[in-house]
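Colleague:
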Amino acid sequence: MYNFSYFKEKDRQAILDFMEEYPFAFLTGNTLSGAPVATQIPVMIEERQSELFLQGHIMRNTDHHKAFVENPNALIVFTGPNAYVSASLYSNPHIGSTWNYMSVHIHGQIKFMPESELIQLMKKMTLKFEGGNSTSPTIYDNLPDAFLKKMMPAIAGFEMKADRIENVFKLSQNRDEKSYLTIISKLEQEGGNSNLIAIEMRKHRAELFPPGIEWDENKFDS
Numbered sequence: 042m043y044n045f046s047y048f049k050e051k052d053r054q055a056i057l058d059f060m061e062e063y064p065f066a067f068l069t070g071n072t073l074s075g076a077p078v079a080t081q082i083p084v085m086i087e088e089r090q091s092e093l094f095l096q097g098h099i100m101r102n103t104d105h106h107k108a109f110v111e112n113p114n115a116l117i118v119f120t121g122p123n124a125y126v127s128a129s130l131y132s133n134p135h136i137g138s139t140w141n142y143m144s145v146h147i148h149g150q151i152k153f154m155p156e157s158e159l160i161q162l163m164k165k166m167t168l169k170f171e172g173g174n175s176t177s178p179t180i181y182d183n184l185p186d187a188f189l190k191k192m193m194p195a196i197a198g199f200e201m202k203a204d205r206i207e208n209v210f211k212l213s214q215n216r217d218e219k220s221y222l223t224i225i226s227k228l229e230q231e232g233g234n235s236n237l238i239a240i241e242m243r244k245h246r247a248e249l250f251p252p253g254i255e256w257d258e259n260k261f262d263s
C-alpha cells in the first residue's frame with residue numbers, strides 16, 4: 042500500500058461508493074505453507090452497526106478455495122480507473138513521471154456460509170447485478186431447478202468482516218495548481234480511463250487549492 046497521507050480519501054462514504062461502483066474485486070491469500078492464491082470475483086458490501094462486511098462466492102475445489110479453508114486470512118482489493126501521468130505536464134518537468142489510480146484494500150478473515158445463507162446471497166447478488174429486474178430470466182428465483190441443483194453445490198459462499206480498510210486515491214494531490222489543471226486537461230483529451238481520473242481530480246480541486254491559501258510543496262514527501 043502506497044502510504045502517503047495526501048493520497049488518502051478521508052470520506053468513508055466516498056470509499057464505500059467507490060467499492061459499489063467497482064465491485065469486481067481481487068481476492069488474495071495464502072495457504073498455510075505460504076503459497077499465494079488469487080482470483081477475481083464480484084463482491085457485495087453491507088454495513089451492520091457501523092461495521093463493514095463483504096460477501097461473495099468462489100468455485101469449490103480450486104486452489105483459492107482450498108487455501109481459504111486452510112487459512113482464512115484474506116485481502117480483497119477494489120480497483121478503479123488509472124492513467125499514466127507524464128512529468129512533462131508539471132511546472133517542473135525534470136522529475137520522474139507517475140501513474141494515477143484509485144484502490145481500496147480490505148483485510149479480514151473469510152468465513153464460508155451454510156447453504157441457506159448462500160441461497161440468500163445468490164438471490165441478492167443476481168438481483169443486484171441484473172439492475173433490480175425481477176423479471177430477468179437469470180436471477181436466482183427464475184433459474185430452473187435442474188440448473189440450480191447442478192451449480193449450487195459447485196460454489197462456496199463467503200463473508201468477510203473488514204478488520205482493516207486502507208485506500209489510495211492517487212490523483213496528483215502533490216502537484217501545484219498549474220500542473221494539476223494541465224494534467225486534467227491532458228487526461229480529458231485522452232478519454233477512457235484517463236478521463237475518469239480527470240473527473241475525480243476535478244472533484245478534489247477546490248479542497249486542494251482553496252482560495253486565498255498559498256500552495257506549499259514542502260508538505261509533500263514525493
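Start counting the sequence shown at 42; every next residue gets the next number (my numbering).
Here a beta-carbon is modelled for each residue, glycine too, at the ideal position from N, C-alpha and C.
Please read all numbers here as calculations on a predicted model, not as lab measurements.
Please report the residue range of the alpha helix (DSSP H) in which F170 lies.
Modeller: In the sequence shown, residue 170 corresponds to position 129, counting from 1. Residues 156-170.
Colleague: Pick helix, strand or coil for L212, following the three-state DSSP scheme.
Modeller: Locating residue 212 in the sequence shown gives position 171, counting from the first residue. It is coil, neither helix nor strand.
Colleague: Do A115 and L68 have their beta-carbon atoms positioned less than 8 angstroms apart in this structure?
Modeller: Numbered from 1 along the sequence shown, position 27 holds the residue referred to as residue 68. Numbered from 1 along the sequence shown, position 74 holds the residue referred to as residue 115. For L68 and A115, yes; Cβs fall inside 8 angstroms.
Colleague: In three-state DSSP terms, what is V110?
Modeller: One-based indexing of the sequence shown puts residue 110 at position 69. V110: helix per DSSP, three-state reduction.
Colleague: Smallest Cα separation from E248: which of P77, D52, E200?
Modeller: In the sequence shown, counting from the first residue as 1, residue 248 sits at position 207. Nearest option by C-alpha distance: D52.
Colleague: So within the region 179-250, which uninterrupted alpha helix (DSSP H) runs reach at least 4 residues, ignoring any that extend past its ends?
Modeller: 186-192, 218-231, 233-249
Colleague: Return the bridge partner residues of R89 from the DSSP annotation.
Modeller: Numbered from 1 along the sequence shown, position 48 holds the residue referred to as residue 89. R89 is bridged to E92.
Colleague: Across the region 203-213 and the region 234-244, are there enough close Cβ pairs to call them in contact, namely three or more that are closer than 8 angstroms?
Modeller: yes
Colleague: To the nearest whole angstrom, what separates the beta carbons of A108 and G149, a pair I think is in contact under 8 angstroms?
Modeller: For this step, residue 108 is matched to residue 67 along the sequence shown. For this step, residue 149 is matched to residue 108 along the sequence shown. Taking C-beta atoms under 8 angstroms as the contact rule, A108 and G149 fail to qualify, at a distance of about 15 angstroms.
Colleague: When you compare the CB positions of I206 and I56, do they come within less than 8 angstroms of one another, or not?
Modeller: Mapped onto the sequence shown, residue 206 falls at position 165. Mapped onto the sequence shown, residue 56 falls at position 15. Their beta carbons are under 8 angstroms apart, which means I206 touches I56 by this criterion.
Colleague: Hey, could you find the ends of the alpha helix (DSSP H) A76 is sitting in?
Modeller: Sequence index remark: in the sequence shown, residue 76 carries index 35 (1-based). Element bounds for A76: n/a, residue is neither H nor E.
Colleague: Just the C-alpha distance for G173 and E88, rounded to the nearest angstrom, thanks.
Modeller: Here residue 173 refers to the residue found at position 132 of the sequence shown. Here residue 88 refers to the residue found at position 47 of the sequence shown. In a straight line, the C-alpha of G173 is about 20 angstroms away from that of E88.
Colleague: Are the region 141-161 and the region 187-204 touching, with three or more C-beta to C-beta distances below 8 angstroms?
Modeller: yes
Colleague: In whole angstroms, give me the CA-to-CA distance for M163 and Y131.
Modeller: One-based indexing of the sequence shown puts residue 163 at position 122. One-based indexing of the sequence shown puts residue 131 at position 90. If you take the alpha carbons of M163 and Y131, they lie about 48 angstroms apart.
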